[in-house]
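> The sequence shown begins at 41 in the working numbering and counts up by one. My questions all concern the structure below.
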Amino acid sequence: MFIFNPNAAVTITPGCEMPKDGIQKFRWVMHVSLPYPFPFLRYHREEIKVNERNFEFIVSNGLDRVFLKSAMPRVTLCPGLRDSQGKKGKSRKSQNELEKNREILQSVAIFRVKVIYPSPDKAFKGAENKIKECMNYLAEFVASIQRKAPYLVSWLIYPISLFDVGMVHHGIECFCLDCKRWHIYASGMTISLARLMHQPLFCLSDDDYEADLPAVDTSNELLAEALMSLYRGMHRLTVLNSYSAVESLANSIFRLKMKQQLVKCGSSVEEAEVLAEQKRKAIRTKIRCLTHKNLKEVCDRSLFCENKELYDKLILFNELRNAVAHRGAVPSFEEAETGHKLCCEVVQWLCGIGELNVKRMLPPKNQAVPGFATMSKDNFASPAFVIEFLRKLLGSVSIEDQKDKKSGELERKSAKSKNSKL
């Protein structure tokens, strides 16, 4: 079974021809809706550089997404229907007669490439990589805003990944020679595969992985939070939570084994608990003692002796954790990802020592689904006009259009047969 990345996506880009009115200026733009209003009074705008590309970056709470009626799929942003106080504005017809459907957005982030391209195809080139780079930047930007927020309201804004938003719209704008303005020319989208899955990638039975100690539950929760942080671009939290999972469980296992040893040597249960806790406190942050020296003394088990490569990696990861916790270091994605997997393996080893249920890294083959299915048919997840837009983008025809086409063909055949009889 493969490890499914929740940020795995399919990017759809329409093929475009050069317009016949002589337009030769095109630029690439993408926008992604945020699941919360952004804490700015007006909007945020800045010039940024992402992987050697210059972008105009905007975050606004006052825009809606509009799907336009046209031969080529187009979606754009326009001023919202709500006033500055958040109350719904007066009902009115759209000034744009081409408007088909509108989505009222809480907030939206926009990335617009500063480079001008001579053709739409060149502007669309590399869209998949540009979207990935911009989403990574957005996660880091939102994380920085969350760090600046007052403590008790920081939960109102949080880093997001492609899995959280499900869909990113991108497109090409062209510069109109007549009105001297930029207009949307063609649109595409990136769809999160994980967000739209309609079957699980693995199955669990009701009695799988029952924890024997609260410390095991704590470690499992920390490792799960670490993985979620990794995919949301919060690499420091990945490192801190992953290492905390190991340290928490190592403390519990050492105390358990020392208590068992003391009871075996004749101490009462109460006395053994007190002595084991005192010894644990003395070494509670010393990972070398918890996984090697002192652990070997109480149960004759040592990570250093049994898997020195894993032990050495854990010691190095401890140094990275200290750099993050005490010096504010920022680990890379690779460092955080490797460290998370390392800590999962150490937790497995510790569970084995404590004679606890050992979770697998991946489900067994008989519980894993060999493939995955994604369907964009849930109207609760995506409005009907979004699905219709997607059908058009993919070049397919809706059921209603098929019915109209069939009825039209039947009418033509009927008329032709009547003429032939006459």
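In this text, a Cβ means the ideal position worked out from N, Cα and C, and glycines have one as well.
Within 10 angstroms of its Cβ, does Leu262 collect 16 or more other Cβ (buried), or is it exposed?
buried
> Give the DSSP bridge partners of Leu74, in chain order.
Paired residues: Ser147.
> Can you list, in chain order, the residues of its chain whose CB lies under 7 Å from that of Asn317, leaving out five sequence neighbours each side?
The question names Asn, but residue 317 is Glu in the sequence shown. Cβ within range, chain order: Arg295.
> Determine the DSSP secondary structure at Thr331, reduced to helix, strand or coil.
helix
> Is Leu202 near Met175, with beta carbons less than 7 Å apart?
yes
> Got a sec? Which residues, its chain only, sit under 7 Å from Phe373 by beta carbon, not counting five neighbours each side?
His275
> Thinking just about the alpha-carbon of each residue, which of Val286, Glu377 and His380 is nearest to the one in Leu390?
Val286
> Where DSSP assigns a beta bridge to Phe242, which residues make up the other side?
Ala408
> Below 8 Å on the Cβ atoms is my contact criterion, and I expect Leu343 with His332 to pass it. Report the Cβ-Cβ distance as a whole number of Å.
6 Å
> So is Val426 buried or exposed if we call it buried at 16+ other beta carbons inside 10 Å?
buried
> Within this structure, are the beta carbons of Ser282 and Cys383 separated by less than 7 Å?
yes
> Provide the residue(s) that pair with His366 in DSSP beta bridges, ordered along the chain.
For His366, which the question treats as bridged, DSSP gives no partner whatsoever.
> Measuring only the C-alpha atoms, how far is Ser134 from Lys140?
For Ser134, the pLDDT reaches just 43, beneath the cut-off of 50, and the residue's location in the model is therefore unreliable, although a value from the coordinates is still provided. One C-alpha to the other measures close to 9 Å.
> Return no unless some Cβ of chain C is closer than 7 Å to the Cβ of Leu277.
Absent here is chain C; the protein component of the structure consists of one chain.
> DSSP puts Pro119 in a beta bridge; with which residues?
Leu103
> Which one or two residues does DSSP pair with Ser227 in a beta bridge?
BP columns for Ser227 point to Gly211.
> Starting from Tyr83, follow the beta strand (DSSP E) in both directions and report where the run begins and ends.
In the DSSP assignment, Tyr83 falls within the unbroken beta strand (DSSP E) covering Tyr83 to Val90.
> Between which residues of its own chain and Lys304 is the CB-CB distance below 8 Å, once the five residues before and five after are set aside?
none
> Residues bridged to Cys174 by DSSP?
Beta-bridge pairing links Cys174 to no other residue.
> Is the beta carbon of Ala167 closer than 7 Å to that of Thr51?
Against a cut-off of 7 Å, the Cβ pair of Ala167 and Thr51 comes out as a contact.
> Do Ser227 and Val148 come within 7 Å of each other at the CB atom, strictly closer than that value?
Inclusion of Val148 and Ser227 in the CB contact set at 7 Å is not warranted, their separation being larger than that value.
> Please return the same chain residues whose Cβ sits closer than 7 Å to the Cβ of Ile323, not counting the five positions on each side in sequence.
Cys329, Leu330 and Asn334
> Would you mind sorting Ile144 into buried or exposed? The rule is 16 or more other CB atoms within 10 Å of its CB.
exposed
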